[in-house]
Structures are given as C-alpha cells and as structure tokens.
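Letter by letter, the sequence shown follows residues 10 to 343 of my numbering.
Quick reminder that beta carbons are idealized off the backbone N, C-alpha and C, glycines included.
As the structure is a prediction and not an experimental result, all values here were calculated from the model.
Notes follow once the structure below has been shown.
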Amino acid sequence: MSARVASFAPLFPAAGADALLRLCERFGSYGMYGQQPITEELGRGLYQRHDAAMNFIRTGGRFGRQESFESLAVRTNYFRETYAYAEPVVDGIEPFLLHEGFIDAARRLYDRPVIRPAIVYANLLVPGQELAVHTDVPEFRGANRTRDPEWLLVVMHHSGLFDRWRMPIATAVSWFGGCTGGAFAYYPGGILAPPVALPAAHDTAVLLDTDSVFHGVDRVTETTTALPPLAIGMRLTYDGDGRWSVGNGAEPVVRYRWGDLRFSISWKAYCYVDEDECRIVEAHTDDLTREQVLATLLADLRTRGRLGETLPNGTDLALLLIDEYIRFPAPAPA
Ligand SMILES: [Fe+2]
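What follows is the structure, given as structure tokens:
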C-alpha cells in the first residue's frame, strides 16, 4: 500500500517564496546540528540516531557507498535553526506556520481534523552533505525526545506495540532557492518498493508521515573535490550579496553562494481526533512510563525468541532492539 503524500508546486506565489529566502538571510546564522553520545545506561555510548547511522555505515546508504563514521558525521551534520515553536520565533514565518494547504493536507493524512502546528525549522546542507535514510523521531503520550533517547522512540513506533499512545505528526518539507543534487528520496511504497527521488526545487513541498515513511537526502553536489573541514560548533553565516561562509568566528573554512546551498523548511503538526484527545494529552491522564515501555519490549523480544532470562547490558540491549524492530530499505546502487 502506498503512503499518503500531498504535493505542493508552487507552495506560495512568487513573492511569498522570495520572502522566505530573505527571511533565511535575515535570520543570518545557522548552527551545525550534531549528536552527542548517550550517557544513560540504556544505549550508553550510542548516538541518538544510532539506528540511521549504523544502517548507513553497514550498507553504504541508498547508493551503497563506503564511508567512515568520521566522514559520515561531516556529511550529515547539517545546519539547522528553529523559525517557530508553536509561536513564530522570527517575523515573517506566519504564512508558512499557518499555511492552509498544509493544514488541509494534514487533516487528510490521518483523517484527524484537529491540527496544531508545532514547529517550523530551517535545514541548510552544503555541497557534499547528505542525510542518511531514516524515519523521523515520533512522539507518544508520555514518551518524547525531551525524556527518551531518539532511537528508542523510533524502535517503539516500528514495533507497533505502542500505537494506542502514538501522537500522529504530519510533516511537510519544502524547498527554496536551488541547488544541484540534494533530492529528497523517500519510500512511499514501503521498504521493498523502489524510492521516489524528488528534486529540491524552489517553492515546492510535500507533506507525509515521515515518522513511518523512510526518507533521506541525496548528496548535494560537491563543488570542490574534497569535503571542507566542517566541525560541530561551526556556523553557516550569511555575508550579504548572495554569499555565505562557514567557520567559528575566525577566518571561514569555506565560502559558498546561494546556488550551492540546499535550503529546506520543515513543518510539523500534531494531528488530533478531537478536542477531547487534546485534553487527554495536556492533562497526562494516559501517559506511558519508561518502565512500561521496556517491560512491553522485553516481553515481545522473549516471545520472538530474541531474549532469554538474562538481560544484556544497556548498550547491547539497545543494539538488539534497533536490530530487531527497525527494518531499513535495502540500498539500490545506481
Ligand atoms: Fe527526516
């Protein structure tokens, strides 16, 4: 069965799309998004999205490429900032946050009429960067990324054992400007069907359930032969006149022009059945606990014959859970 996907081309009238490019420039400075190793017992030493990173290293991603963990980090630590968090955090994002087309499509995605836009954020990828195939971090009543590791939330969703507590989220991804490469590759027909590669074309968008549909970003075309020495802590800064640079305050390590960059804006909204459901969420009257989540997963692992009476340590248990429940699409070398 094919996943529901709504497409927008164009998303805004020309002036509205240009206004978002100007907003991106005005915002001006974007931090590099990187992952820190987990310190709690469960999954100690792994990364928040160990599932996606491990799959990429193991398979070479969509194109079966060989990549070291270090170079994968440079390729996938892109630049990100938040434009709205329930409320706008930058002037001019309102037409995007409250886009009627997104809200309508979100209603149809899960047949849930009450839509609450939650977050709008900007993603900027520089040449040579890409995003490994993954599903997004889902959310449940009582379990979310502020209190639980991201890989665990992904395991929970793929296990199908916590659907009663799931908070369905509609995600729209939109593109502005124009770069070479950087297609949005997604698997609407599931992991056994071929992916669809959507060019990151100016003023277009798609809306889908990215918590369930695997997706990634193909490599943005490299304009130089080697990947620049990007590192966590660096910022991508707008220098005016269509120019950008990356550095950490001192002399930039690399300079770009608008046409080099892949600029996308993501929109996420909670989708509720009715106001009663909103109230249950807000009152926390039907929340999962970590104990309940682990007990459910351990019992299921035992039913599947994957776990005996002795529990492995927290890191090995996390690796077992990822391996058992998250099934990635196989690479299909071009
Ligand atoms: Fe994603």
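Could you spell out the range, first to last residue, of the alpha helix (DSSP H) harbouring residue i?
i    : result
L81  : F78 to T85
E90  : Looking at the DSSP string, E90 is not in any alpha helix (DSSP H); the run it does join, the beta strand (DSSP E), is F88 to Y94.
R5   : A query on residue 5 cannot be resolved here, the shown segment of the chain reaching from 10 to 343 and no further.
T68  : H59 to T68
H166 : E159 to S168
With DSSP as the reference, label residue i as helix, strand or coil.
i    : result
V222 : coil
S275 : strand
A259 : coil
A292 : helix
Y119 : helix
D100 : coil
G268 : helix
R311 : helix
L107 : coil
C287 : helix
V146 : coil
D248 : strand
R299 : helix
R228 : coil
F171 : coil
T305 : helix
A341 : coil
Y42  : coil
L326 : helix
A141 : strand
A240 : coil
R336 : coil
A114 : helix
R71  : helix
I3   : An answer regarding residue 3 cannot be provided, because it is not within the stretch 10 to 343 covered by the chain.
I47  : coil
Hey, would you say the C-beta of residue i is under 7 Å away from at least one heavy atom of ligand 1?
i    : result
H224 : yes
H143 : yes
T189 : no
T219 : yes
Near residue i, which residues of its chain fall below 6 Å by C-beta distance, leaving aside the five closest residues on each side in sequence?
i    : result
H167 : Y334 and I335
F171 : F149 and M165
R175 : F149
E34  : Y247
S16  : V215
D145 : T219 and D220
A18  : T213
A114 : A15 and L216
H59  : W160
Which residue marks the beginning of the beta strand (DSSP E) containing residue i, and which one marks its end?
i    : result
G256 : R252 to G256
T319 : That residue, T319, is in no beta strand (DSSP E); it is neither H nor E in DSSP.
S11  : It is not in any beta strand (DSSP E) - S11 carries neither H nor E in the DSSP assignment.
W184 : I178 to F185
F193 : F193 to Y195
T213 : T213 to L217
L207 : V205 to L207
Looking only at its own chain, which residues have a Cβ that is under 8 Å from the Cβ of residue i, when we skip the five neighbours before and after it?
i    : result
V123 : C280, Y281, V282, D283, E284, E286 and C287
A194 : R71, V142, P204, V205, A206, L207, H224, G225, V226 and D227
Which same chain residues end up closer than 7 Å to residue i when comparing Cβ atoms and leaving out the 5 residues on each side of it in sequence?
i    : result
I289 : D295
A95  : A127
R121 : P177, C280, Y281 and V282
Would residue i pass as an interface residue toward chain B - the criterion being a Cβ-Cβ separation below 8 Å?
i    : result
Y279 : No chain B appears in the structure shown, which is made up of a single protein chain.
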